[in-house]
Structure formats: C-alpha cells, structure tokens
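Data block below; observations after.
Numbering (our numbering), first residue to last: 111 to 368.
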C-alpha cells in the first residue's frame, strides 16, 4: 500500500496556533490520509494496518506521531487495536464523528461537497445575521472587508481575512451554536476559499470577483434585508464554485425555510 510522504507543516513565528486556519499537526495529516484511504476502500474492513514502524517510514514521521494518528482513528471508531496483533479497520464503524477529512488539501470532489455544505450553512447564516446584526458587527465585518481589499492591493493571500469575515457574520446571528459550528467548519471552508485567492495566474481576477460578492453580501446585511443577504450568500457560493469549474448539484434558488 503506497503512502504519501507529507512534509511537516510550517509555523511562522508569532502564529496563533489556536486560530481556525492553523497548519495541521503531523498526526492529523497521517490520520487524515488513512481516513481517506479507508473511506475510498483502499484499506478494506477487517484489513490489518501496517506496523507503526512501516507507517512511520512511509509517511516520514516518528512512531509517536503514528501512535497519535492511530489513537485518533480509534477514537473515531474506524479502527480497533488487538493486543499483540496490531490495528485493524473495523468491519462496521461503531460511531460516526463530525470530523471532516484532514488531508493536506481537498480534491475536486471534496471541494464540491464542501461548497454544498457551505451553501446549506452560509445562506441561513447570512439571513439571520441580517436580522440580528448591530453596529459593532458591521464595523468588524467592514474591517475584514478592508483587510481583503488590502490583500488584493498587495497581491497577497486574503484567505485569513475572508475566513474572519464569515466568522464575524456567524457571530452576528447572536446564536452561539451557529458561531461554534461555523468556527468548527472553518478550516474546511477555508480550503475552498483559499482556492479563490490562489487559483489563477492572473493574481487578482478571481479574488476581485469574490470581493464584489462579499461587498454585496455586506451591504444586504447592513440594510437588514434578510432575503437579499441569503441570496447574496448563495450567489457568492455559486460564483466561487463556478470559477473553479464546480457545478453544484442542487437548486440554490429554492425559498428559505420558515
């Protein structure tokens, strides 16, 4: 079984490791790769995983990292360990946890799935934010919009400001569970946003389109127009997906739920 040799993630000095967009730990990369292989059927139910030593050599990591990765998969109910025998993929998963795949980066099918999830979440978030936002929320969102403008002007990556804009929008709903859900999903949503900032040789073409959509969304929330905010959020997702050649597989134009 082939295993990719993923280099350790870099951490810039002064980086806040608790932020949503933090680099993955090595054990997360290893467990994410194994989880993807299990889901794809490359490692079948009942199959024994390679030894810690073999996995460590394949991934280019220490046995301690492998042990931590195995512990994560065991906690998710995907594998079981047998004393003196090793780790095996379970025949039937005992639990299904809301831990999205944590590989080094999303593939096209995974991006499509992420965009579908974003559409289900962000349209409703925008609608509620328009109804409940206050002056402080609008000021914070405007600051993140300006940070994205600055990134465009400098030709730099505005993904972090993009993430923060959407988190601020979620907090404007005044629903702590909505905020926590968006922050939890933030890293995976960030993967799809990052593509909009880095997916073109014309460094600013795609981000400028996305920024126009962000501003339309912000203006709808500022006006307190819930339906317009929902529509702008979905238009933004349709545009972002389309710019990456992704066709969303369900109707974004349906009416919102009461």
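For each residue, glycine too, the CB sits at the ideal point set by N, CA and C. Note that this is a predicted model, so its numbers are computed, not measured.
Whether or not the segment 259-270 and the segment 283-292 are in contact is what I'm after, with contact meaning three or more pairs of Cβ atoms, one per stretch, closer than 8 Å; do they touch? no
Evaluate residue 323 with the Cβ neighbour count: other Cβ atoms within 10 Å of its Cβ, from every protein chain shown; 16 or more gives buried, anything less gives exposed. buried
Residue 192 - DSSP class collapsed to helix/strand/coil: strand
Hey, does residue 184 have any beta-carbon neighbour from chain C nearer than 8 Å? Looking at the structure shown, chain C is missing, and only one protein chain is on hand.
On the three-state DSSP scale, how would you describe residue 158? strand
Closer than 8 Å is the cut-off here; do at least three beta carbon pairs connect the segment 251-261 with the segment 176-195? no
Span separating the alpha-carbon of residue 173 from that of residue 165: 8 Å
Could you give the distance in angstroms between the alpha-carbon of residue 333 and the alpha-carbon of residue 255? 16 Å
Round the Cβ separation of residue 236 and residue 335 to the nearest angstrom and send it over; I've been treating them as touching at under 8 Å. In fact, because the Cβ distance is near 10 Å, the residues do not count as touching under 8 Å.
For residue 233, which residues from the same chain have a beta carbon less than 6 Å from its beta carbon, with the 5 sequence-adjacent residues on both sides left out? 340, 343 and 344
Rounded C-beta distance between residue 347 and residue 228? I'm assuming under 8 Å. 6 Å
From residue 170 to residue 278, what does the alpha carbon distance come to, in whole angstroms? 39 Å
Considering only residues of the same chain and omitting the five flanking positions on each side of residue 314, which have a CB-CB separation below 8 Å? At residue 314 the pLDDT is 46, less than 50, meaning the model places this residue with poor confidence and gives no usable figure here.
Could you give the residue range of the alpha helix (DSSP H) that holds residue 284? Neither: residue 284 is in no alpha helix (DSSP H) and is coded neither H nor E.
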